[in-house]
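Mapped onto my numbering, the consecutive letters of the sequence shown carry residue numbers 5 to 40.
Data first, discussion second: the structure below is written as structure tokens.
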Amino acid sequence: MFGKLFSSFSHDIGIDLGTANTLVWVKNKGIVIREP
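This is how it looks when you write it as structure tokens:
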């Protein structure tokens, strides 16, 4: 499901689902979400 949803954005978005923090990085903008 997520493969189809994010397939066109796979080179522009990075998601780190760490054990304590969640980070979302967007190309040319940097970190846009940082949640504890």
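Each residue gets a CB set at the ideal place from its N, CA and C atoms; glycine is no exception.
Out of curiosity, what's the CA-to-CA distance linking residue i and residue j?
i: residue 21; j: residue 35; result: 13 Å
i: residue 19; j: residue 25; result: 11 Å
i: residue 31; j: residue 40; result: 22 Å
i: residue 23; j: residue 37; result: 15 Å
i: residue 16; j: residue 27; result: 14 Å
Who are the near neighbours of residue i in its chain, counting only those whose CB is closer than 6 Å to its CB and skipping five residues on each side?
i: residue 29; result: 18 and 35
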